[in-house]
Each structure stands twice: as structure tokens, then as C-alpha cells.
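**Student:**
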Amino acid sequence: MKYLFAAVMLASAVVGFSEAASAAGGCGPGWYRGPYGGCRPMRGPVVVRPGPVVVAPAPVVVVP
């Protein structure tokens, strides 16, 4: 009976400590703490491309 109790205690300790690693820093998986303490996503830099150049003809005014 002692060994069963010890095995149950060991199994509960392993399960309890394995969840602590995924919540390190309090931000959750895929996030980290930024320089001011806020949560930031773990990803590459955001690249913003400029839009296409639109060339329209000058308006034509017809005088009656």
C-alpha cells in the first residue's frame, strides 16, 4: 500500500509541474513578456508593402 501511495503522489507531482512550463511568464503559449511587461506574440517582424500606383487620366471638361 505504501508503494501505491508513493506512485500516486509521484504521478500527481509530475502532472502538476508539467503545466507550469506552458504558463511561464503568465502570457501563455506563443507569447512572451516585452520590455515593459506586456505580452507580445512570438513571430517575425511585420512587413507592410506599399499599395500599387494608380495613374488616372486627367478629367475632360466639355463646354456647351
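Just so we're aligned: the sequence shown equals residues -23 to -1, 1 to 41 in mature numbering (1 follows the signal peptide of the UniProt record, and there is no 0).
Glycine residues also receive a C-beta, built at the ideal position from the N, C-alpha and C atoms.
Note that the structure is predicted; figures quoted are calculated from it, not measured.
Do G7 and M19 come within 7 angstroms of each other at the CB atom, strictly closer than that value?
**Tutor:** Taking 7 angstroms as the Cβ cut-off, M19 and G7 qualify as a contacting pair.
**Student:** By Cβ distance, which residues of its chain are closer than 7 angstroms to G11, with the 5 residues on each side in sequence left out?
**Tutor:** Answer for G11: R17, listed in chain order.
**Student:** Do you know whose CA, among P22, G2, V40 and P27, lies nearest G14's CA?
**Tutor:** For the residues P22, G2, V40 and P27, the minimum Cα distance to G14 belongs to G2.
**Student:** By how many angstroms is the C-alpha of A33 removed from the C-alpha of P22?
**Tutor:** For P22 and A33, the distance between alpha carbons rounds to 34 angstroms.
**Student:** Between the C-alpha atoms of P41 and R26, what's the straight-line distance to the nearest angstrom?
**Tutor:** Each residue's alpha carbon lies about 45 angstroms from the other.
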